[in-house]
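Using the working numbering, the first residue of the sequence shown is number -2, and each one after it goes up by one. All C-beta atoms, glycine included, are put in the ideal place defined by N, C-alpha and C. Report on one structure; see the data block that follows.
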Amino acid sequence: GTPSASQSYTLSGSNLTAGIVVTPPAGFAISTDDNTFYTPAQTLASTFNGPVYVRLTGATAGIYSGDIAHTSTGATQVDLAVSGTVSDPVPTIHTTGTLNAFTTLVGTPSAAQTYTLYGELLTANIIVTPPTGFELSTDGNSYSSSLSLASTFNGPVYIRLIGTTVGNYSGNITHTSAGATQVDLPVTGEVQTPAGPTIFLEENFNYTAGELLTANGWTAHSGIGSNPAIVGSTGLTYAGYPPSSGLSGETVFSGPAEDVHRTFPVQTNGAVYASFLFNALSLPNTTADYLIHFGPDPIGTDLKGRFFIQKDSDGNLRFGLTKAAAATGAVWTDYVYVQNTTYLIVIKYVINSGTANDEVYMWVNPAIGATEPTPQLTASDATGTDAANIGSIAIRQGTNTPLALIDGIRVSNDWAILWSGDAPPTPVITVTGEPASLANYAGCPSEEISEYSLSGSNLQGPIYIVAPTGFEVSSTGTGGWASEISVPADFNGLIYVRLVSGVVGMHGGNITHNSFGATEVTIRVEGETFVSPVVWNITANFTAFDHEVGTPSATQSYTLSATGALDDITVSVASPFELSLNGTTNWTDELVLLSNFNNNVYVRMNSTTAGQFTENIVHSSLTATPYNLPVSGTAALPAGNYATDLFFSEYIEGSSNNKALEIFNGTGIPVDLSAYKVLLYPNGAATPNNTQTFPAGTMLAHNEVYVIANSQANATILAEADTTSTVTYYNGDDAIALVKTVGDVDEYVDIFGVIGNDPDGSSSITGSWTADGGYSTKDKTLVRKPSVTQGVSVNPPIPGAGDTTGFLTLATEWDVYPQDTTSYLGSHTFTPGVQVAEAPVLTPAGGIYYSTVNVTMSSATPGATIYYTTDGSTPSDTNGLTYTAPIAVSATTTVKAIAYATGYTPSSVTTEAYMLPVSIPDIATLRAQPTGSNVYKLTGEAVLTFQQAQRHQKYIQDATAAILIDDSAGIITSTYNLYDGITGITGTLGLYRNMLQFTPVADPGAATSSGNTIVPEVRTLASLTTADQAKLIKVMNATVDATQGTYPANASNINVTDPTATLVMRTFPNTDYSGTPIHTVPVNITCLVGQFDANMQISPRFLADFEVAGATLDAPVVTITRVGTSIQLAWPDVDGASSYRVESASDPYGVYTTLGTTNDITYVIQNPTEAMKFFRVIALN
């Protein structure tokens, strides 16, 4: 299955008149460039003079020999003997990396660790099984009790303690595959009991007024040195709240300034409460912002449990809460709080198992007592990424935060203890006993083990134990040995000590014991290390290994024996080096040899990634000092083009919080992201506002991406995210940079946008950088072109404010896609050095059409073949249809197309959405359709019952139902009169607070009729339902709440009551009844039906819609008589009537049309042509 290393010989000819034919024997292949090998005969030029490379193909096991034949017309054949052996492959499993001891609190899985797993020549899946108490994953998200991985698997395996039961856990992670030797990886861990109810932190600001908070136990973590918070001159008090001594913390600046925090024992499960007193002195504006929050320890940028404040135009305050979202994702109180008043705030953060389900709650002025009340606010963004831990509380000074006083901060894991008045108890660590002196052979753990007793009281976190150099400690004595361990706060037992030094001589030092807030306690341990009786006899003369990734290096060897060895000799080495006893087969990372072994050990390098590697071949045996034999080498990438460094490969600026950044590694080698950071420069700022860093060891493999998402993005984006971060708090006018730290210097490796340039010239969020071709950095998804090999490392020239063209590489290096496109997120197409086919152009472009559209497709790339789909899937040369002629689109369809051409990388996908309206006969049918992007055309005529300037709204009704037209964009430009008929209204359906709205997409044109009559349906308030929305109705004998005195000019809510119910009467703005006295007597109200959330409402249109109850005229009694070819209507005079309106209809339940108005008590219809007609007469006063 693997070709051998090649060998070469020189070939030339003289006086040849034809080419030289070189024919290898079976099992061999030849090449002239040591790159492309051939098994059939190859004809070389008659003038050829150079090396010919030959190697075993390795296709089938066996012994091969024969002659390489060289022939040319007229020349004597020359043969060159060649032989070799192909051995049967030996399946081998490899693991690299070691695991530290795990710790976690019961009920919470531990943080994960990783190791690398891969195999060689495997024919079956790799089965990975952890010991009891542990679980595994390949993505760090979904964990299981075992894994079955493909034989080709090569990547990280995540492991963590499950944490369900207190105790110590240890064993081996086993790795098996058919025919391969089982590989074990040891793992240990401890599940600890959490601390009981306790106060973690109390801050009463018992300091000197005016001093910096950073001089009194607080640590700055952002905006360091800029307008730092100080100790206030007065303290805050609240009845019944224990903390009352000291002064307060005071924020001093409304704008980007110094943020500070204090730490407390890290919590990884259960509830964390923070209570504090808060007084807002002044706010800079009416924009919401947050100023108190939890954080992890270390704090970083993952800020949780955010306490918001906002002022309205009257100066009233409301308080808000999120788990991690910005103000747009906050839940709020009403505006019922005021400035310069002290409030008691409690925030509760609940840490749940999982990665996106922690909960956050808040109370304002809660009842103080042992029983926790129902929360006043519950954060609505609970599905955002959870905190790594909760271990700090912070005071923030942001752009819109108030000048404020904060006092009496108490942090606890229990509600009741917040009010106890107890100060945090003094934590104490106790050790008793004295470890006995130890002895060992150099490099070997001592056979004797010493011990002493350890316990603690009032501890709020684990006890951290650190042994002096040369010693290790354990809480079990049988496993979990390390120079540093931790035990739970309630630990009360023995700690074991052993000597492991590799240096001959006397050793001693103090074992230290620390826990949060407790005084360090030490205990002395001593021992002596002796020379081992085993002597290693190793002769090695290695040179640095060198090979190309994918092909093992040449083999080297050394001799090994061990004088005095009493037990087996173990020889091991870490990847990418391998060991063998014969130099050709059974390559492995560990050999177990007999104590009397005296022979060669073979070594090779077989790296799957490029880079320089240095490892030790470790030799160990009982009572022997381990012997490390260093090996090193370099693995080079195969010939090809690679990226010069990381760069941004995708930018999503979608709707709402659907934002994400993607970083791509095309360098050919794994990259440690801890040397990089992402910076956000908002609104033309020259300095960053938000920063995303990466933990040490965050590796990004070649050809892989790292996705940073907004914590409130949709599920599709979050499923691809590797982390969430505030660096995604961008809009279209914010620059973003990827920075690499080299030594002490930060260097740009990619810049998105222009740092220091605001393309809209203001702090608004409406602007963006743009380029021809529909390019914009707002409301778009941008994907880096496959040919791009490096980022923008020099900030482009800064244009003038408001110039949107400064992002010079926007069109040349990026492909643009519609808002909320996420199909490219999670991977990146990278084809450096290869031309990319031009994307297909679809004509006409997508949009709204009212008849069948014939779509043509073309690509500027010569000879390109275009493949397309109409089912929403991504087209390719194996998916979709081949374009040969225009396609007819007769229904709403999304067409996607891609171009392929020989010698080119496939183009980006062009997407065009063609929306053709669905014909709907009447409004009742329209109301039954789904909301969303579907376009509907109302083919029947609808009558206009009301229209207003606000949002260009129109109410329409037909014989089946009614609906509101919401036309904020002013699409309908035709002018209509009340009761005009309109035909062919086209638009989409949507909901606003449960009110169904028809949003037009085209102007339907002039009215198709006029003077129609809609007779209001007499209804009671209690009978109204959602189906009545937008209908013209009449409510009888209703009483209007006259508290306001007059009808307001703006849209307002006024209660109205009829004999069946009380509802809100929502007035229209700027009507003819605005400013008139509210009716104080019962009225009959002609009105339109509305809905707000679950509540039905009514809205009168005009002052004439109010009619004093009981003042209705009698209905005329009409007699119909045929007079010749005419019809005469007659009726007796109605008391109080001044005139009569005559109406007709073809359907007695349909829409009546006014024929005319008369002062007489007769009306003649001349020469009617219809076979049947219905008439009615209405008395008017």
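Between Tyr726 and Thr778, the gap from beta carbon to beta carbon reaches 8 angstroms or more.
Proximity of the segment 504 to 512 to the segment 421 to 431 meets the contact definition, three or more beta-carbon pairs being nearer than 8 angstroms. For Thr858, the number of other beta carbons within 10 angstroms of its own is at least 16, and it is reported as buried. In the displayed model, Val791 falls within coil according to three-state DSSP, outside both helix and strand. Here the segment 1036 to 1056 makes contact with the segment 1070 to 1086; the two share three or more CB pairs at distances below 8 angstroms. Per DSSP, Glu717 is one residue of the alpha helix (DSSP H) stretching across 712 to 717.
Looking at the DSSP output, Lys777 bridges to Pro815.
Contact annotation, Trp1128 with Ile1158: C-beta distance approximately 6 angstroms; criterion of less than 8 angstroms satisfied. Straight across, the Cα-Cα distance linking Ala109 with Ser139 is about 12 angstroms. Fully contained in the segment 1030 to 1060 are the following beta strand (DSSP E) runs of length 3 or more, in chain order: 1050 to 1055. If you look at Thr922, you'll find it in the alpha helix (DSSP H) that goes 920 to 924. Counting the other CB atoms within 10 Å of its CB gives Glu469 a total of 16 or more, which places it among the buried residues.
As summarised for the segment 475 to 556, the continuous beta strand (DSSP E) elements at least 3 residues long and confined to that stretch are 481 to 484, 489 to 496, 502 to 511, 518 to 527, 532 to 536, 542 to 545, given in chain order. The residue among Asn97, Val500, Val328, Thr985 with its C-alpha nearest the C-alpha of Thr526 is Val500. Scanning Ser43, Ser62, Thr44, Phe45 for the CA closest to the CA of Arg52 turns up Ser62.
Nearest in C-alpha terms to Tyr6, of all of Val49, Thr82, Gly637, Asn32, is Val49. Boundaries around Glu200 are those of the beta strand (DSSP E), 196 to 200, since no alpha helix (DSSP H) includes it. A Cβ-Cβ contact shorter than 8 angstroms links Ala808 with Asp769. By the Cβ neighbour-count rule, Pro127 is buried, with 16 or more other Cβ atoms within 10 Å of its own.
Of all alpha-carbon atoms in Thr985, Gln954, Val19, the one lying nearest the alpha-carbon of Met912 is that of Thr985.
In this structure, DSSP gives Gln1125 an extended state, which the three-state scheme calls strand. Per DSSP, Ala808 is one residue of the alpha helix (DSSP H) stretching across 807 to 810. With contact defined as three or more Cβ pairs closer than 8 angstroms, the segment 970 to 977 and the segment 1003 to 1012 are in contact. Distance between Ile705 and Ile714, taken at the CA atoms: about 9 angstroms.
In this model, Pro841 and Thr1023 are separated by some 40 angstroms (Cα to Cα). By the beta-carbon neighbour count (other beta carbons within 10 angstroms, threshold 16), Thr1040 is exposed. Counting the other Cβ atoms within 10 Å of the Cβ of Gln609 gives fewer than 16, which makes it exposed. With respect to the C-alpha of Ser230, the residue from Ser671, Tyr238, Gln307, Leu209 having the closest C-alpha is Leu209.
Per the DSSP secondary-structure output, Thr375 pairs in a beta bridge with Tyr358. Per the coordinates, the alpha-carbon of Ala636 lies some 42 angstroms from the alpha-carbon of Ala682.
Here the alpha carbons of Ser604 and Leu491 stand approximately 45 angstroms from one another. Sequence-distant partners of Ser784 (beyond 5 residues in either direction) whose C-beta falls short of 8 angstroms from its own C-beta, in its chain, are Thr828, Pro829, Gly830, Val831, Gln832, Val833, Thr902. In terms of Cβ geometry, Glu255 and Ile227 do not form a close pair [threshold 8 angstroms]. Between the segment 918 to 928 and the segment 872 to 884, the count of Cβ pairs shorter than 8 angstroms is below three; the stretches do not touch.
For Ala277, the CB contacts under 7 angstroms within the same chain, skipping 5 residues up- and downstream, are Ile306, Leu314, Gln336, Pro399, Ala401 in chain order. Pairing Gly71 with Gly47, the inter-Cα distance amounts to about 21 angstroms.
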